[in-house]
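Residue numbers (the working numbering), protein chains in the order written: chain A, 1 to 82; chain B, 1 to 651.
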Amino acid sequence: SSSLKSTYIVHMAKSEMPESFEHHTLWYESSLQSVSDSAEMMYTYENAIHGFSTRLTPEEARLLESQTGILAVLPEVKYELH
Amino acid sequence: TTRTPQFLGLDKSADMFPESSSGNEVVVGVLDTGVWPESKSFNDAGFGPIPTTWKGACESGTNFTAANCNKKLIGARFFSKGVEAMLGPIDETTESKSPRDDDGHGTHTSSTAAGSVVPDASLFGYASGTARGMATRARVAVYKVCWKGGCFSSDILAAIDKAISDNVNVLSLSLGGGMSDYFRDSVAIGAFSAMEKGILVSCSAGNAGPSAYSLSNVAPWITTVGAGTLDRDFPASVSLGNGLNYSGVSLYRGNALPESPLPLIYAGNATNATNGNLCMTGTLSPELVAGKIVLCDRGMNARVQKGAVVKAAGGLGMVLSNTAANGEELVADTHLLPATAVGEREGNAIKKYLFSEAKPTVKIVFQGTKVGVEPSPVVAAFSSRGPNSITPQILKPDLIAPGVNILAGWSKAVGPTGLAVDERRVDFNIISGTSMSCPHVSGLAALIKSAHPDWSPAAVRSALMTTAYIAYKNGNKLQDSATGKSSTPFDHGSGHVDPVAALNPGLVYDLTADDYLGFLCALNYTATQITSLARRKFQCDAGKKYSVSDLNYPSFAVVFDTMGGANVVKHTRILTNVGPAGTYKASVTSDSKNVKITVEPEELSFKANEKKSFTVTFTSSGSTPQKLNGFGRLEWTNGKNVVGSPISISW
Chain A
1 SSSLKSTYIV HMAKSEMPES FEHHTLWYES SLQSVSDSAE MMYTYENAIH
51 GFSTRLTPEE ARLLESQTGI LAVLPEVKYE LH
Chain B
1 TTRTPQFLGL DKSADMFPES SSGNEVVVGV LDTGVWPESK SFNDAGFGPI
51 PTTWKGACES GTNFTAANCN KKLIGARFFS KGVEAMLGPI DETTESKSPR
101 DDDGHGTHTS STAAGSVVPD ASLFGYASGT ARGMATRARV AVYKVCWKGG
151 CFSSDILAAI DKAISDNVNV LSLSLGGGMS DYFRDSVAIG AFSAMEKGIL
201 VSCSAGNAGP SAYSLSNVAP WITTVGAGTL DRDFPASVSL GNGLNYSGVS
251 LYRGNALPES PLPLIYAGNA TNATNGNLCM TGTLSPELVA GKIVLCDRGM
301 NARVQKGAVV KAAGGLGMVL SNTAANGEEL VADTHLLPAT AVGEREGNAI
351 KKYLFSEAKP TVKIVFQGTK VGVEPSPVVA AFSSRGPNSI TPQILKPDLI
401 APGVNILAGW SKAVGPTGLA VDERRVDFNI ISGTSMSCPH VSGLAALIKS
451 AHPDWSPAAV RSALMTTAYI AYKNGNKLQD SATGKSSTPF DHGSGHVDPV
501 AALNPGLVYD LTADDYLGFL CALNYTATQI TSLARRKFQC DAGKKYSVSD
551 LNYPSFAVVF DTMGGANVVK HTRILTNVGP AGTYKASVTS DSKNVKITVE
601 PEELSFKANE KKSFTVTFTS SGSTPQKLNG FGRLEWTNGK NVVGSPISIS
651 W
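Spelled out as structure tokens, the structure:
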């Protein structure tokens with residue numbers, strides 16, 4: 001259920017993108033859709049990392065992390081001002 | 001800021017920094033709570049066209065349009081998808097869904113780094129003078145990532161992502177998120193990519209001091225900044241009925257207290273709550289505190305909140321006493337009622353009087369602003385301390401900079417205390433934290449970058465670190481506010497920043513992105529973890545021996561195995577000459593008799609731009625000493641430049 005969803009930052013190995021994808025964002029979307037029908041990309045990262053952030057259940061996150069081309073699926077962390 | 005330019009010697013050396021006139025435009029990006037663009041600190045008078053390399057934008061939203069930017073404030077973006085996904089939509093009636101700063105923190109940090117010159121600045125007359133940022137001619141780009149609900153990693157990473165493509169030169173982050181390994185920490189990950197693009201990333205060390213291992217933002221590609229005091233204070237003394245006086249500090253300005261002494265009561269005796277001594281909301285009995293000055297203990301809730309609690313209960317004033325957690329370090333606040341903060345020792349003395357006197361009385365005497373306070377700087381007690389909990393072989397913090405009672409720009413959306421009940425509005429506020437010291441270094445890095453546009457982020461950091469000072473003019477070592485004794489490299493890193501010396505460091509310890517990747521190989525990071533940070537396939541060379549101690553860092557953290565036997569640790573470094581040709585000689589000092597330190601070679605002769613390597617060998621006698629940390633220093637000097645590196649030795 002969506003109430004169990006948390007934010008994750010998904011790190012992708014861009015060099016492992018299958019040639020069938022014309023653009024890396026299409027590959028990101030396809031990877032995301034393979035574990036979740038409803039999840040949407042919040043941010044797509046181009047410079048700081050290769051990847052995106054999204055809302056997933058823990059099970060979806062675990063499934064995504066096991067896929068080829070996924071380097072890491074890291075949970076959202078709260079930072080504080082100093 | 002109104003004092004740090006003099007304190008750092010910038011006022012005497014303005015012509016040494018070319019800044020924008022030479023066309024070497026530098027953009028400082030600040031990730032924080034946004035910006036109050038109407039602040040005079042973002043006045044763009046005298047600024048030329050925005051650099052053609054700038055790709056940033058001024059985003060519109062609540063009470064903010066592109067018209068709020070100018071030739072000084074050239075970028076303003078906000079990132080809220082992460083916080084909204086976590087906490088629900090932003091309530092735009094209480095918080096601006098735009099780059100506008102409703103908090104004040106972001107306006108303070110960005111104006112500290114690169115604010116324009118503003119004459120006649122002060123907070124209620126305190127700290128009056130001409131306010132300016134460290135790099136007055138640098139351009140500012142703000143990236144709002146912190147909201148009332150906090151700062152979330154997905155938003156922070158998105159902001160760094162944009163800042164890189166916008167083409168900032170320096171990134172300033174006065175925030176932290178605990179201690180996680182580099183490949184799990186979004187700030188470290190984003191900072192790595194920024195560093196690869198030539199962007200210097202300066203981060204606050206944290207306010208979790210004086211506990212050991214309390215640092216955040218310790219990745220070696222980040223410049224980690226601790227906090228020290230200025231030579232300025234805001235005395236407000238406590239005068240007791242028995243004739244004894246105790247010193248305190250305050251930024252209170254408002255209705256004065258009566259001339260005659262007022263009754264004094266301890267908050268712990270004016271409450272039914274177990275933590276009533278802390279003056280928590282709703283814990284004070286109005287019948288007992290009305291018309292009196294209340295002594296509250298520090299801890300749990302915000303210091304200014306305690307003042308508001310006393311005021312709401314009918315108290316006329318407050319004496320805020322430190323406890324053992326804060327010792328004698330005093331932080332001045334703009335309380336809503338007449339109040340002063342005293343150290344633990346003074347607080348205990350006042351309590352002793354209070355408990356022994358049937359009708360104790362007190363007066364608070366506000367004495368304004370005092371400059372020339374010595375010794376200064378002193379390491380702030382709150383400044384987070386080493387050792388580095390992630391990689392003990394990298395000494396952190398890197399250096400300290402002014403971070404106590406700093407005056408800088410503020411948001412008009414909030415009062416100087418940040419409390420909802422505070423309806424005062426100010427152009428400038430005085431606050432403390434490593435949040436304040438970080439943008440000092442960010443701005444100074446921008447100055448160095450403008451003078452040396454071809455230097456890498458590591459070279460700029462090296463210049464700032466190797467020229468930092470560790471002793472006062474009288475030769476005494478820098479002090480630690482937490483202990484009253486000399487501070488160590490775990491407290492002050494390489495020392496206190498000296499930007500004028502950093503301009504011409506003589507030699508630098510340079511580093512490339514590949515050097516850091518080799519460092520990750522030495523940490524036995526997996527290929528996946530390294531690829532995550534590097535954003536490209538990087539294979540550690542199986543035939544190569546990687547060593548953490550060979551990272552070309554401008555400081556030395558030696559860790560000996562305690563499992564007996566003679567122990568030898570070698571650190572190899574490469575120095576790059578950024579001055580004229582010359583010969584440098586090495587000298588080493590150490591307080592650790594159990595360790596022999598040798599430098600090979602002891603003398604290095606450089607041509608212009610030449611690189612030379614050397615090795616420092618640390619040999620432990622074998623027995624683990626009672627004191628598990630030792631400290632020392634390596635200096636290379638040509639008679640003019642001194643290239644200093646701190647040494648920490650741990651067992």
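Ideal Cβ positions, reconstructed from N, Cα and C, are used throughout, including at glycine.
- Going along the chain, which residues of its own chain have a beta-carbon closer than 6 Å to the beta-carbon of K40 (chain B), five neighbours each way excluded? What you label residue 40 (chain B) is simply residue 40 of the second sequence in a count that begins at 1. Answer for K40 (chain B): V118, listed in chain order.
- Would you say P387 (chain B) and L478 (chain B) are within 8 Å of each other, going by their C-beta atoms? Within the second sequence, the letter at position 387 stands for residue 387 (chain B). Within the second sequence, the letter at position 478 stands for residue 478 (chain B). No. Outside cutoff.
- Is V595 (chain B) helix, strand or coil when you go by DSSP? Along the second sequence, read from residue 1 onward, the residue named residue 595 (chain B) stands at position 595. Reduced to three states, the DSSP call for V595 (chain B) is strand.
- Can you pull the chain A residues whose beta carbon is under 9 Å from the beta carbon of D657 (chain B), in chain order? The structure shown does not extend to residue 657 (chain B), since chain B is modelled only from 1 through 651, so no value can be given for it.
- Return the first residue and the last residue of the alpha helix (DSSP H) that K351 (chain B) is part of. The residue labelled residue 351 (chain B) in the question sits at position 351 within the second sequence. Going by DSSP, K351 (chain B) is part of the alpha helix (DSSP H) stretching over E344 to S356.
- Item | Straight-line gap, M726 (chain B) to D101 (chain B) (C-alpha atoms, nearest Å) | This structure does not reach residue 726 (chain B), given that chain B is present from 1 up to 651, and the question cannot be answered.
- Message: Buried or exposed for S34 (chain A), going by 16 or more other Cβ atoms inside 10 Å?
- Response: Position 34 of the first sequence, counted from the start, is the residue given in the question as residue 34 (chain A). Exposure of S34 (chain A) is indicated by the presence of fewer than 16 other C-beta atoms within 10 angstroms of its C-beta.
- Item | Collapsed DSSP secondary structure at Y584 (chain B) in the structure displayed | As a position in the second sequence, residue 584 (chain B) is number 584, starting the count at 1. Under the three-state reduction of DSSP output, Y584 (chain B) falls in the strand class.
- Query: So does I9 (chain A) have its beta carbon nearer than 7 Å to some heavy atom of the ligand GDP?
  - Reply: With respect to the ligand GDP, the structure shown offers nothing to examine, as it has no ligands at all.
- Query: What does R67 (chain B) reach in chain A if we use C-beta pairs closer than 7 Å?
  - Reply: Here residue 67 (chain B) refers to the residue found at position 67 of the second sequence. One point to set straight first is that residue 67 (chain B) is Ala, not Arg, in the sequence displayed. Neighbours of A67 (chain B) in chain A, taken as residues at a C-beta separation under 7 Å, are lacking, since the least C-beta distance is about 27 Å.
- Do L73 (chain B) and P37 (chain B) have their C-beta atoms within less than 8 Å of each other? Here residue 73 (chain B) is taken as the residue at index 73 of the second sequence, counted from 1. Here residue 37 (chain B) is taken as the residue at index 37 of the second sequence, counted from 1. Yes, they are a contact pair.
- Message: So H82 (chain A) contacts chain B; which residues on that side make the cut at Cβ distance below 7 Å?
- Response: Walking along the first sequence from the start, residue 82 (chain A) turns up at place 82. Per Cβ cutoff of 7 Å: S174, L175, G176, S204, G206, N207, G433, T434 and S435.
- Message: Determine, for Y28 (chain A), whether the minimum Cβ-Cβ distance to residues of chain B falls below 8 Å.
- Response: Position 28 of the first sequence, counted from the start, is the residue given in the question as residue 28 (chain A). Y28 (chain A) does not count as touching chain B.
- Query: Along chain A, in chain order, which residues have C-beta atoms closer than 8 Å to that of C151 (chain B)?
  - Reply: Counting from 1 along the second sequence, the entry for residue 151 (chain B) is found at position 151. In chain order: K78, Y79, E80 and L81.
- Task: Rounded to whole angstroms, what's the CA-CA distance from G23 (chain B) to A446 (chain B)? Just pull it up for me.
- Result: In the second sequence, counting from the first residue as 1, residue 23 (chain B) sits at position 23. In the second sequence, counting from the first residue as 1, residue 446 (chain B) sits at position 446. Unreliable positioning characterises G23 (chain B) in this predicted model, as indicated by a pLDDT of 40, which lies under 50. A coordinate reading is not provided.
- Item | Residues near D233 (chain B) by beta carbon distance below 7 Å, same chain, minus five either side | As a working note, residue 233 (chain B) is residue 233 in the second sequence. So the qualifying residues of the chain are V249, K370 and V373.
- Which word fits R461 (chain B), buried or exposed, when buried means at least 16 other C-beta atoms lie within 10 angstroms of its C-beta? Here the question's residue 461 (chain B) lines up with position 461 in the second sequence. Buried, by the Cβ-count rule.
- Query: Are the beta-carbon atoms of S211 (chain B) and S437 (chain B) separated by less than 8 Å?
  - Reply: Along the second sequence, read from residue 1 onward, the residue named residue 211 (chain B) stands at position 211. Along the second sequence, read from residue 1 onward, the residue named residue 437 (chain B) stands at position 437. In this structure, the beta-carbon distance from S211 (chain B) to S437 (chain B) does not fall below 8 Å.
- Within chain A, the residues that S146 (chain B) reaches when beta carbons sit closer than 9 Å: The residue labelled residue 146 (chain B) in the question sits at position 146 within the second sequence. In the sequence on display, residue 146 (chain B) carries Cys and not Ser. By Cβ distance, chain A contributes Y79, E80 and L81.
- Going straight from the alpha carbon of S555 (chain B) to that of H492 (chain B), what length do you get? Start at 1 with the first residue of the second sequence, and residue 555 (chain B) comes out as number 555. Start at 1 with the first residue of the second sequence, and residue 492 (chain B) comes out as number 492. If you take the alpha carbons of S555 (chain B) and H492 (chain B), they lie about 12 Å apart.
- Query: Are the C-beta atoms of T7 (chain A) and some chain B residue less than 8 Å apart?
  - Reply: Translated into the one-based positions of the first sequence, residue 7 (chain A) becomes position 7. At a cut-off of 8 Å between beta-carbon atoms, T7 (chain A) makes contact with chain B.
- Message: Suppose contacts are defined by Cβ-Cβ distances below 8 Å. Is S494 (chain B) in contact with T466 (chain B) by that definition?
- Response: Taking the first residue of the second sequence as 1, we reach residue 494 (chain B) at position 494. Taking the first residue of the second sequence as 1, we reach residue 466 (chain B) at position 466. T466 (chain B) sits close to S494 (chain B), with the two beta carbons spaced by under 8 Å.
- Give the residues of chain A in contact with S330 (chain B), contact being defined as C-beta atoms less than 9 Å apart. Position 330 of the second sequence, counted from the start, is the residue given in the question as residue 330 (chain B). Sequence inspection shows Leu at residue 330 (chain B); the Ser mentioned does not correspond to that position. By Cβ distance, chain A contributes nothing, its closest Cβ being about 19 Å from L330 (chain B), past 9 Å.
- Message: For a quick check, are the C-beta atoms of T112 (chain B) and G443 (chain B) less than 8 Å apart?
- Response: Taking the second sequence and counting its residues from 1, the one referred to as residue 112 (chain B) is at position 112. Taking the second sequence and counting its residues from 1, the one referred to as residue 443 (chain B) is at position 443. Yes, Cβ-Cβ distance for T112 (chain B) and G443 (chain B) is below 8 Å.
- Task: May I ask you to report which of helix, strand or coil DSSP gives G241 (chain B)?
- Result: Counting from 1 along the second sequence, the entry for residue 241 (chain B) is found at position 241. If DSSP states are grouped into helix, strand and coil, G241 (chain B) belongs with coil.
- Task: Can you have a look at F78 (chain B) and say buried or exposed, based on whether 16 or more other CB atoms are within 10 angstroms of its CB?
- Result: Taking the second sequence and counting its residues from 1, one reaches residue 78 (chain B) at position 78. So F78 (chain B) ends up on the buried side.
- Query: For C146 (chain B) versus K78 (chain A), is the C-beta distance shorter than 8 Å?
  - Reply: Position 146 of the second sequence, counted from the first residue, corresponds to residue 146 (chain B). Position 78 of the first sequence, counted from the first residue, corresponds to residue 78 (chain A). No, the Cβ-Cβ distance between C146 (chain B) and K78 (chain A) is not below 8 Å.
- Query: Per DSSP, A339 (chain B) forms a beta bridge with which residues?
  - Reply: What you label residue 339 (chain B) is simply residue 339 of the second sequence in a count that begins at 1. B:M318, per the DSSP bridge assignment.
- Message: Please tell me whether S590 (chain B) has its Cβ less than 8 Å away from any Cβ of chain A.
- Response: The count along the second sequence starts at 1 and reaches residue 590 (chain B) at position 590. No - not a single Cβ of chain A is within 8 Å of the one on S590 (chain B).
- Query: Should S31 (chain A) be labelled buried (16 or more other beta-carbon atoms within 10 Å of its own) or exposed?
  - Reply: Your numbering for residue 31 (chain A) matches position 31 in the first sequence. With 16 or more other Cβ atoms inside 10 Å of its own Cβ, S31 (chain A) counts as buried.
- Item | Where I50 (chain B) sits in the DSSP three-state scheme | In the second sequence, residue 50 (chain B) corresponds to position 50, counting from 1. Of the three classes helix, strand and coil, the one that applies to I50 (chain B) here is coil, per DSSP.
- Task: Give a yes or no on whether the minimum CB-CB distance between R62 (chain A) and chain B is below 8 Å.
- Result: Along the first sequence, read from residue 1 onward, the residue named residue 62 (chain A) stands at position 62. R62 (chain A) is outside the set of residues whose beta carbon lies under 8 Å from a beta carbon in chain B.
- According to the Cβ coordinates, are L407 (chain B) and T136 (chain B) closer than 8 Å? The residue labelled residue 407 (chain B) in the question sits at position 407 within the second sequence. The residue labelled residue 136 (chain B) in the question sits at position 136 within the second sequence. Contact: no.
- Query: Is the CB-CB distance between E329 (chain B) and A380 (chain B) below 8 Å?
  - Reply: As a working mapping, residue 329 (chain B) is identified with position 329 in the second sequence. As a working mapping, residue 380 (chain B) is identified with position 380 in the second sequence. Yes, Cβ-Cβ distance for E329 (chain B) and A380 (chain B) is below 8 Å.
- Message: Beta-carbon within less than 6 Å of S1 (chain A)'s beta-carbon, same chain only, minus the 5 sequence neighbours each way: which residues are those?
- Response: Residue 1 (chain A) sits at position 1 when you count from the first residue of the first sequence. In this prediction, S1 (chain A) has a pLDDT of 47, which is less than 50 and means its spatial position is unreliable; nothing more can be read from the coordinates.
- Query: If we cut at 8 Å on Cβ distances, does R535 (chain B) have a partner in chain A?
  - Reply: If you number the second sequence from 1, residue 535 (chain B) lands on position 535. It does; some Cβ of chain A falls within 8 Å.
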